[in-house]
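Residue numbers (the numbering used here): 774 to 1046.
Comments concern the structure below.
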C-alpha cells in the first residue's frame, strides 16, 4: 500500500519536469546553461539534423514515460534507474553552486541537495524488490542451497558406494566359491572321463590285439600251407630230377659199356691169329 502512494509522488516531479521540457525546450535550456553546450556537441555527433531543442524535447518525453511507468508500477525498478540516469546530469547542470557566491551560492547548493535527495529516492526505488528477495540474495541463497544439496548428494553417493562395495565383496566371495565348486566338479568329471576313456582304450586295445592275433594265426596257417605245398612240389621235382639223372646215368653207362665192347671186339679182330 505504501508503495502505491510513494511511487506516484516520486514520479510526479519527473512527469512535470518532462512535460515542461517537451513543451518549452528553450526555457529549459535557459535554466541549464552548462547543458546547452553539451547538447550542442551531442547534436553535432548525430548524423541526422538534430538541434539541442529537439534533444531536450526527447529527454523530456523520456522523463514523462519513465515517470508514468514508475507511478503505475510498470517495471518500476527499470523506470527508476532510467530516471536516475537522466536526473544526475540535469541536477549538476541546474545547480552549479561552485560558480556562484554569497546567497546565490547557498541557494544553488540547497537546490542541489534537494535534487540529490530525489536521486536517493530513485536509488531506493531501484533497489526495491517489492517484498521479494533481491537477485543477490537469490544468488547467495541458490549457492548455499546448491552447496547443501551437493553435500547431501556426496553423503548419499558415499553411502551408496559403501553398499556397492559390500555387495561387490559379497558377490566376489560367492563367485569365488562357485568357481571352486565348479573346479572341483570339473576335476571329478575329468577323473571319471579319464577312467571311462582308459577303460574304453583298454577294451579297444584288447579287441584290436585279439583281431591282430587271429589275423596272425590265419596268416601263419596260410603261410604254413603254402610252405608245405612248396615243399611237396620241391620234393616231387627232386624225385623227378633224380629219376631223370638215374635214367640218364644208366643210358650213359650202357652206352659206355657197349662202346667198350665194340672197341674190344675191334681190338681182337685186329690182332693176328
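Just so you know, even glycine gets a beta-carbon here, dropped at the ideal spot from N, CA and C.
Small disclaimer: the values here were computed from a predicted structure and weren't measured.
Measuring CA to CA, which of the options is closest to residue i?
i: residue 778; options: 799, 868, 1036 and 845; result: 845
i: residue 850; options: 1032, 1004, 968 and 903; result: 903
i: residue 776; options: 942, 897, 988 and 1041; result: 897
i: residue 794; options: 786, 780, 785 and 832; result: 832
i: residue 886; options: 865, 876, 1008 and 919; result: 865
Excluding the 5 residues preceding and the 5 following residue i in the sequence, name in chain order all residues of the same chain whose CB lies nearer than 6 angstroms to its CB.
i: residue 783; result: 894
i: residue 878; result: 870
i: residue 854; result: 899
i: residue 873; result: 881
Could you have a look at residue i and say whether DSSP puts it in helix, strand or coil?
i: residue 901; result: coil
i: residue 977; result: helix
i: residue 893; result: helix
i: residue 945; result: helix
i: residue 880; result: helix
i: residue 801; result: helix
i: residue 916; result: helix
i: residue 844; result: helix
i: residue 874; result: coil
So the alpha helix (DSSP H) residue i belongs to, where does it begin and stop?
i: residue 797; result: Element bounds for residue 797: n/a, residue is neither H nor E.
i: residue 863; result: 849-867
Is residue i close to the ligand NAD? I mean its beta-carbon at under 8 angstroms from any heavy atom of the ligand.
i: residue 840; result: Looking for the ligand NAD in the displayed structure turns up nothing, as the structure carries no ligands at all.
Leaving aside the five residues before and after residue i along the sequence, list all residues of the same chain whose C-beta is less than 8 angstroms from its C-beta, in chain order.
i: residue 965; result: none
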